[in-house]
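**Q**
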Amino acid sequence: MKTNTNRTTIYLDKVLHHALRIKAAETDHTISELVEEAVKISLAEDSIDLAAFEERKSEPSLAFENVLKSLKKSGKI
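Residue numbering for the sequence shown is 139 to 215, as defined by my numbering.
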């Protein structure tokens, strides 16, 4: 067991859990390792999104309602 880890309980859909067990067995990884890697990937994607938001924060905002009105007016929808 890795040091500096915390134990947690998660609940998964039965089908997802079954698929995860199969993947763990086929890849010689534990379910914990697979879940930890998936969480890391998700958090990394969040970090990228936040950086993109920061880069674009000075851009003017555009209300979705106005975009729809413009599309409708131009006959696009």
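Heads up, the beta-carbon is just placed ideally off N, CA and C, and yes, glycines get one too.
Please read all numbers here as calculations on a predicted model, not as lab measurements.
1. Cα separation between His167 and Leu154?
2. Please state the DSSP three-state secondary structure of Thr165.
3. Looking only at C-alpha atoms, which of Thr146, Thr147, Arg145 and Val173 sits nearest to Ala157?
4. Between which two residues does the alpha helix (DSSP H) containing Glu203 stretch?
**A** Here's the rundown:
1. Mapped onto the sequence shown, residue 167 falls at position 29. Mapped onto the sequence shown, residue 154 falls at position 16. About 16 Å.
2. Residue 165 sits at position 27 when you count from the first residue of the sequence shown. Helix, per DSSP.
3. Residue mapping note: residue 157 aligns to position 19 of the sequence shown, counting from 1. Ala157 has its Cα closest to that of Val173, out of Thr146, Thr147, Arg145 and Val173.
4. Taking the sequence shown and counting its residues from 1, the one referred to as residue 203 is at position 65. Phe202 to Lys211 is the extent of the alpha helix (DSSP H) around Glu203.
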